[in-house]
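Residue numbers (our numbering), protein chains in the order written: chain A, 11 to 264; chain B, 7 to 155.
Here a beta-carbon is modelled for each residue, glycine too, at the ideal position from N, C-alpha and C.
Below you'll find the structure, written out as structure tokens, and then a few comments.
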């Protein structure tokens, strides 16, 4: 994969992930409206001790109109990213994604917000004349995301004895349908250990192209399963967006 | 190769250390810039928000709707996850306070997360008078007073 191909695919997939994030925010706009659960009048209390100019800027950006403007601008950036290569578009998309996270007390959708920011920053760096650095940043964060997630799970006894996954599918926040939860509960312990091996062993993708392709294929299936079982759709789109960066670096390193 | 292995070993040690919360609410808003990547590392029951409309039974806060396309696009599902994250955040913030504080102590009811959870409960109750409580590991953790319509 050439640098140009990698950056092009990074842009296309980052645009898709950005569009999904923006459209989802627009659909639930009532939540950030003046009477919504996440109205700015409530969230702005976090900034009570901040300097007055900072609070004034935050009030302008994160009120109902400001949040609408950010979401619409984010959608416009998503539509422009595959077609316009000017770095300003990518940096603007970074700004929108960061603003949404800041508004919602640090994150609206957990880790997917962080990976969206990673791929957009990578694209912005790549289009600012440093394509290798941008792709290296996305590839490094991608490898770290799997490796750290795997190692962190190894420290938890329930992951090691195979009871974590059946327990997680019963947690109310995810609303996993009962039949699907029962299916997951019947999975053998080897599935859990396979997942842990995939996550902890992901750095191998850096040293062998075939292993990289296998691991990225497994990763895509892993995120698709998480989207279907736990409803984590945004994780699928944002993680897929980082894959071209790793493919490029594997070609270069091996 | 040796350097990579040493780096990986250091990373493992850092990851296995317990995580810390960011005290400043302003800095906490920038945490997305330093991703932790520790997904589902704590396999433990999540706090559950229960809402009771006057005279009715306690009802758990619903998860997002499921459909044929929600694996790809789930605005209401992700909003529901944001609600549950706000409940978990309130529990984390109350855990940092004196365990002897009563549920209606100003140090608790004055939290931004407390107001968020109250607004979530109010929305779940369809704007009717209601009360809410958070259950952790099967036991009552925190309960509100009656919320007016």
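Taking the straight line between their C-alpha atoms, what separation do you get for residue i and residue j?
i                     : j                     : result
residue 194 (chain A) : residue 173 (chain A) : 11 Å
residue 104 (chain B) : residue 107 (chain A) : 36 Å
residue 150 (chain A) : residue 198 (chain A) : 32 Å
residue 93 (chain B)  : residue 44 (chain B)  : 19 Å
residue 132 (chain B) : residue 36 (chain A)  : 21 Å
residue 209 (chain A) : residue 124 (chain A) : 18 Å
residue 130 (chain B) : residue 102 (chain B) : 27 Å
residue 96 (chain A)  : residue 138 (chain A) : 8 Å
residue 49 (chain B)  : residue 110 (chain B) : 30 Å
residue 50 (chain A)  : residue 81 (chain A)  : 15 Å
residue 154 (chain A) : residue 145 (chain A) : 14 Å
residue 214 (chain B) : residue 41 (chain B)  : No answer is possible for residue 214 (chain B): it lies beyond the span of chain B, which begins at 7 and ends at 155.
residue 39 (chain B)  : residue 189 (chain A) : 38 Å
Starting from the beta carbon of residue i, find every residue of chain B whose beta carbon is closer than 8 Å, and list them in chain order.
i                     : result
residue 114 (chain A) : 88
residue 243 (chain A) : 76, 77, 78, 79, 80, 83 and 84
residue 182 (chain A) : 52, 54, 66, 67, 69 and 90
residue 238 (chain A) : 77
If the cut is a Cβ gap below 7 Å, which residues of chain B does residue i touch?
i                     : result
residue 30 (chain A)  : 79
residue 249 (chain A) : Correct list: empty, because the minimum Cβ distance to chain B is about 11 Å.
Along chain D, which residues have their Cβ under 9 Å away from the Cβ of residue i?
i                     : result
residue 122 (chain B) : Included in the structure are the protein chains A and B, with no chain D among them.
Going by beta carbon distance, what residues of the same chain come within less than 8 Å of residue i, once the five residues before and after it are set aside?
i                     : result
residue 102 (chain A) : 83 and 87
residue 202 (chain A) : 169, 172, 174 and 175
residue 127 (chain A) : 104, 107, 108 and 111
By Cβ distance below 7 Å, which residues in the same chain neighbour residue i in space, the five residues on each side in sequence not counted?
i                     : result
residue 99 (chain B)  : 117 and 119
residue 19 (chain A)  : 254
residue 161 (chain A) : 210
What in chain B is Cβ-close to residue i, meaning under 9 Å?
i                     : result
residue 166 (chain A) : 46, 47, 48, 49 and 50
List the residues of chain A that residue i touches, going by C-beta distances under 8 Å, in chain order.
i                     : result
residue 99 (chain B)  : What residue 99 (chain B) touches in chain A: nothing, since even the nearest Cβ is about 11 Å away.
residue 126 (chain B) : 47
residue 70 (chain B)  : 185 and 241
Measuring from the CB of residue i, is there a heavy atom of the ligand PLP at a distance below 7 Å?
i                    : result
residue 45 (chain A) : This structure lacks the ligand PLP, and indeed carries no ligand of any kind.
Which residues in the same chain have their Cβ closer than 6 Å to the Cβ of residue i, if we skip the five residues on either side of it in sequence?
i                     : result
residue 54 (chain B)  : 66 and 141
residue 143 (chain B) : 51
For a contact meaning CB atoms closer than 9 Å, what does residue i contact in chain A?
i                    : result
residue 37 (chain B) : 111, 116, 117 and 124
Would you be able to state if there are at least three C-beta pairs under 8 Å between the stretch 52–65 of chain B and the stretch 14–26 of chain A? No, the stretch 14–26 of chain A is not in contact with the stretch 52–65 of chain B.
Do the stretch 76–84 of chain A and the stretch 95–112 of chain A meet, that is, are 3 or more Cβ pairs less than 8 Å apart? These segments touch.
Count the C-beta pairs between the stretch 76–86 of chain B and the stretch 240–248 of chain A that are closer than 8 Å, then say yes if the count reaches three, no if not. With three or more CB-CB distances shorter than 8 Å, the stretch 76–86 of chain B counts as touching the stretch 240–248 of chain A.
Counting beta carbon pairs with one atom in the stretch 112–126 of chain A and one in the stretch 215–234 of chain A, are three or more of them shorter than 8 Å? Not touching, per the Cβ criterion.
Pairing CB atoms from the stretch 142–157 of chain A with CB atoms from the stretch 115–124 of chain B, are three or more of them under 8 Å? The stretch 115–124 of chain B and the stretch 142–157 of chain A do not touch, with fewer than three beta-carbon pairs separated by less than 8 Å.
Enumerate, from N- to C-terminal direction, the unbroken beta strand (DSSP E) stretches of 3 or more residues contained entirely within the stretch 20–59 of chain A. Here no run is fully enclosed.
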